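For reference, the structure discussed in these notes is given below.
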């Protein structure tokens, strides 16, 4: 009892741990980050995933939301330190305990800073970095998909992924998906430049696969036809077709969503195999976008351990940061970083594939049923005919598929 009393009295020996008072002189931001900015731009980029110029640009946007007032009792942690710590947390698999030691900030404070700063990044940057496309923007996207991937009237590629979580508090099996881990779903549409156009996060991992896409904000808009897409226009062979999103077999075939023909095609189904090949080439954009994202923002490489509302902010903030850096910096996505195509049609894997585990994000299962409406099937047939026509066929596709 006497020993217990002594221990209890000794639990708090100081108001602020003495070493933390050295933050402004010895913390990682004051020493390491400043030295890297002056002496080693390459390591600075590897440390914060952006150049000093982009970091300062980002800081200027979020500063008012994360800066704290001075008090008579203590100096606040600077906005720049808060931002650098948060970005470093998103960019690595370092624990908050490790960051606490590096930045000389209490562990509980690190958790609070990450939550506040990711929310600030999202609220400050989403109007700039996740701005819904206009009809004009969609047309530009379609032009790029045709030029780069030879798929006409394509205005985006859709995919959904399960993001691993530590078991959320008091959630039971709500977030436990069929793949036997806790998760939420990231649903996204990307453009031909490997940038996110629409992002939705938060559907429970246990939710029925057929409802996840329909429940997402943009999924609902796509299925209901309320997204303002360009009017149908002629593809290169003269056939007038609507603008469509491309997706894999996990998504339903709709007027504005093209998916592959079901698997198990025979050798005689040459035209369907060509169409599937052409669709898969266009879909590589979304697979590569997720790959670039997770190669740089490595928080996705292990189960995220925080409150669910913070998970939403973290994922969307990472998508904002991806678009923010992707738009101007060739270091973020060098030419060989993404998949490319050889002269004979073979896909050359991008460098990101060597940096990312195959199971960093798990793909969704199939959504919906095979009972396709006639009109979407007719539209898909028109894209099939184009892919096999004199105007639309690629010189390499026959050799690649059939030798």
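Numbering (the working numbering), first residue to last: 48 to 450. Backbone N, C-alpha and C fix where the C-beta goes; we use that ideal spot for every residue, glycine too. None of these values were measured; they are calculated from a predicted model.
Separation of residue j from residue i, as counted between CA atoms
i	j	result
residue 416	residue 151	Bear in mind that the predicted position of residue 416 carries a pLDDT of just 46, short of 50, making it unreliable; the figure below should be weighed with that in mind. When rounded, the distance between both Cα atoms is 54 Å.
residue 191	residue 335	16 Å
residue 168	residue 367	8 Å
residue 75	residue 94	11 Å
residue 391	residue 172	41 Å
residue 26	residue 72	The first residue shown for the chain is 48 and the last is 450, placing residue 26 beyond what the model contains.
residue 321	residue 431	8 Å
residue 181	residue 142	40 Å
residue 376	residue 317	41 Å
residue 340	residue 98	17 Å
residue 178	residue 241	15 Å
residue 344	residue 110	22 Å
residue 371	residue 259	27 Å
residue 208	residue 440	32 Å
residue 130	residue 70	15 Å
residue 383	residue 397	6 Å
residue 423	residue 197	20 Å
residue 3	residue 162	Only positions 48 to 450 of the chain appear in the structure, and residue 3 is not among them; the question remains open.
residue 121	residue 153	14 Å
residue 85	residue 188	38 Å
residue 446	residue 315	15 Å
residue 115	residue 273	42 Å
residue 307	residue 294	8 Å
residue 265	residue 246	8 Å
residue 174	residue 105	14 Å
residue 327	residue 389	15 Å
residue 365	residue 450	42 Å
residue 282	residue 81	53 Å
residue 404	residue 347	10 Å
residue 399	residue 369	14 Å
residue 312	residue 299	19 Å
residue 144	residue 159	13 Å
residue 353	residue 278	44 Å
residue 195	residue 103	33 Å
Close-in-space but distant-in-sequence residues of the same chain around residue i (CB under 7 Å, 5 per side omitted)
i	result
residue 267	261
residue 83	90, 91, 94
residue 270	261, 301
residue 134	95, 96
residue 448	320, 321, 324
residue 147	153, 154, 157
Contact check, residue i vs residue j, beta carbons under 8 Å
i	j	result
residue 289	residue 426	yes
residue 9	residue 329	No statement about residue 9 is possible, as the shown extent of the chain runs from 48 to 450 and does not include it.
residue 137	residue 157	no
residue 185	residue 128	no
residue 351	residue 212	yes
residue 210	residue 237	no
residue 183	residue 325	no
residue 438	residue 284	yes
residue 113	residue 164	yes
residue 436	residue 140	no
Residue i burial status per 10 Å Cβ neighbour count (16 or more: buried)
i	result
residue 126	buried
residue 239	buried
residue 342	buried
residue 421	In this predicted model, residue 421 has a pLDDT of only 47, less than 50, meaning its place in the structure is not dependable; the value taken from the coordinates is given anyway. Flag for residue 421 reads exposed.
residue 87	exposed
residue 107	exposed
residue 200	buried
residue 401	exposed
residue 263	buried
residue 331	buried
residue 166	buried
residue 280	exposed
residue 244	buried
Same chain, Cβ closer than 6 Å to residue i, neighbours up to 5 away in sequence not counted
i	result
residue 254	Legend: pLDDT at residue 254 = 49, less than 50; position of this residue unreliable, no value from coordinates given.
residue 54	Note on residue 54: pLDDT 49, under 50, position unreliable in the model; no value is reported.
residue 387	395
residue 443	391, 392
residue 193	199
residue 333	204, 206, 237
residue 176	367, 370, 371
Close Cβ partners of residue i (< 8 Å) along its chain, the five nearest in sequence each way excluded
i	result
residue 117	123
residue 12	Residue numbering for the chain in the displayed model covers 48 to 450; residue 12 lies beyond these limits and cannot be assessed.
residue 286	429, 432, 433
residue 373	240, 241, 242, 339, 379, 380
residue 292	201, 202, 203, 204, 205, 236, 269, 303, 304, 305
residue 101	371, 372, 375, 376
residue 337	206, 208, 235, 408
* Asked: Which runs of the alpha helix (DSSP H), 4 residues or longer, sit entirely within the stretch 124-169?
  -> Taking only runs of at least 4 residues, the alpha helix (DSSP H) segments lying wholly in the stretch 124-169 are 126-138, 143-150.
* Kindly provide the ranges of any beta strand (DSSP E) runs that are 3 or more residues long and lie completely inside the stretch 241-304, ordered along the chain. => 243-251, 291-293
* Within the stretch 296-364, ranges of the alpha helix (DSSP H) (whole runs, at least 4 residues) -> Restricted to the stretch 296-364, the alpha helix (DSSP H) segments that are unbroken, complete and at least 4 residues in length are 317-343, listed in chain order.
* Whole runs of the alpha helix (DSSP H) within the stretch 176-217, excluding any shorter than 4 residues -> List check, alpha helix (DSSP H) in window: 182-196.
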